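These notes are about the structure you will find just below.
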Amino acid sequence: MTEIDEIKTRAGFVAIIGPTNAGKSTLLNRLIGQKISIVTHKVQTTRAMIRGIAVYDKTQIVFVDTPGIFRARHLLEKAMIQNAWEGAEEADQVLLVMDARRGKDEAIERILEGLEGKAKNVTLALNKVDTVKKPDLLKLAEEMNQAFPFADTVMISAQNGSGVMQLQRLLSKKMPISPFLYPEDQISDSPMRQIAAELTREKIFLRLHQEIPYSTTVETEKWEDKRNGIRIEQTVYVTRENHRRIILGHKGENIRKIGQEARKELGEMMGCEIHLFLFVKVRENWQNDPERYTQMGLEIPKSQK
Ligand SMILES: Nc1nc2c(ncn2[C@@H]2O[C@H](COP(=O)(O)OP(=O)(O)OP(=O)(O)O)[C@@H](O)[C@H]2O)c(=O)[nH]1
Ligand SMILES: [Mg+2]
């Protein structure tokens, strides 16, 4: 690249924020063209900020997926939500993703209040348009724009991709002129160890119900490149002995299936054989242990430091 070409490139950060379950992680994966952030039908899936990097034309956008914003109860949730707001404050642009089917509910109103002092350039993405009729969508767009001065409003389906290209183009134009911030072929700055732990957590979310997934965290303890693939050891931490038993399942059936599913997907992602070993341990108070957040890539709320 000559110096003149370099000046013409654009690069910047777009924070994807919104209520939990709005489809933020689904959108991130679609924008990147690869799964890097886990997705489930359950609320509060994403816990830390996950960055996905995409290049369109001469623009590099670092999309920051954030945890959904909701009313926090314990320290972990406070850390999740603080990280989401910090993502919004630090970004060049904010993309507010909402579930068009749910409409302007209390969660959205709280976020709009928060956005007032915290972010300037906010684009609204009405997501899940595949589930809503056009006249209702237009009404919602109008209602939202009366409530907040959005720079732009787009209608998308993160799931089937409708409107996502237009959104990419729109955001690209808003990025500041800058050299690229990461190597051109890099798609995330999350270490593979962390993505691998997230994948296992996703499988736990999908297989187990009620409060168990929320009281669970996964850490990659060992990652060794071997001649015949990668050997990975992970620990699943739970808060109570009976949760440990449920995760293991009858004759270890649950943990075996969780391991199989995670291993299969990791293998596809890495393009090699994965040998995955899962251990389940009780750590009663992990949700209040800041050390665990650092492992997840979450920052500890300032008030707690
Ligand atoms: N019908 C439909 N479903 C969608 C769309 N986008 C996402 N979903 C579904 O919505 C659910 C939540 O998606 P996620 O991407 O995990 O949502 P999120 O906003 O990241 O949620 P948190 O991480 O919990 O804050 C999943 O079941 C997705 O498959 C869409 O465009 N249309
Ligand atoms: Mg998410």
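Using our numbering, you'd call the opening residue of the sequence shown number 770 and step up by one each time. Just so you know, even glycine gets a beta-carbon here, dropped at the ideal spot from N, CA and C. Remember, it's a predicted structure, so these values are computed and weren't measured experimentally.
- A check of alpha carbon separations from Asn790 across Leu895, Val831, Ile822 identifies Leu895 as the nearest.
- Below 8 Å, too few C-beta pairs join the segment 793-810 and the segment 853-863 to call them touching: fewer than three.
- Within the same chain, and ignoring the five residues on either side of Ala927 in sequence, the residues whose Cβ sits closer than 6 Å to its Cβ are Gly792, Thr795, Leu796, Arg799, Asn896.
- Under the three-state reduction of DSSP output, His1012 falls in the helix class.
- In this structure, DSSP gives Glu1053 a state outside helix and strand, which the three-state scheme calls coil.
- In this structure, Val831 sits near Ile822, with a CB-CB distance shorter than 8 Å.
- No residue range can be given for Phe917, since it is assigned to no beta strand (DSSP E) and is classified by DSSP as neither H nor E.
- Secondary structure at Phe1048: strand, using DSSP grouped into helix, strand and coil.
- Bounds of any beta strand (DSSP E) do not take in Tyr983, whose DSSP letter is neither H nor E.
- In the three-state reduction of the DSSP assignment, Thr969 falls in the helix class, which pools H, G and I.
- At least one heavy atom of ligand 2 lies closer than 7 Å to the C-beta of Asp834.
- About 7 Å separates the Cβ atoms of Lys943 and Asn890, confirming a contact at the 8 Å cut-off.
- In this structure, DSSP gives Ser959 a state outside helix and strand, which the three-state scheme calls coil.
- With a beta-carbon spacing of about 5 Å, Val987 and Arg970 fall inside the 8 Å limit used to define contacts.
- Boundaries for Tyr825: no alpha helix (DSSP H) harbours it, while the beta strand (DSSP E) harbouring it runs 819-825, taken from the DSSP string.
- Relative to ligand 2, the beta carbon of Thr969 is positioned no closer than 7 Å to any heavy atom.
- Not one heavy atom of ligand 2 lies closer than 7 Å to the C-beta of Lys972.
- DSSP, read as helix, strand or coil, puts Ile925 in coil.
- The straight-line gap separating the alpha-carbon atoms of Asn1023 and Ile946 is approximately 50 Å.
- Note that the segment 897-917 does not touch the segment 781-788; fewer than 3 beta-carbon pairs, one per stretch, sit closer than 8 Å.
- At least one heavy atom of ligand 2 lies closer than 7 Å to the C-beta of Lys793.
- The Cβ atoms of Tyr1006 and Ala848 do not sit closer than 8 Å to each other.
- In this structure, Tyr951 lies away from Gln813, with their beta-carbon atoms at least 8 Å apart.
- Every unbroken stretch of the alpha helix (DSSP H) spanning 4 or more residues and falling wholly within the segment 835-911 is given here in chain order: 844-859, 875-887.
- Within 7 Å of the C-beta of Gln963 there is not a single heavy atom belonging to ligand 1.
- Set against 7 Å, the gap from the CB of Ser806 to the closest heavy atom of ligand 2 is smaller.
- Set against 7 Å, the gap from the CB of Thr900 to the closest heavy atom of ligand 2 is not smaller.
- Gln935 is classed as exposed because its beta carbon has fewer than 16 other beta carbons within 10 Å across all chains shown.
- Around His1012, the same chain offers Ile981, Ser984 as residues with beta carbons nearer than 7 Å, after the five sequence neighbours per side are excluded.
- Not one heavy atom of ligand 2 lies closer than 7 Å to the C-beta of Thr986.
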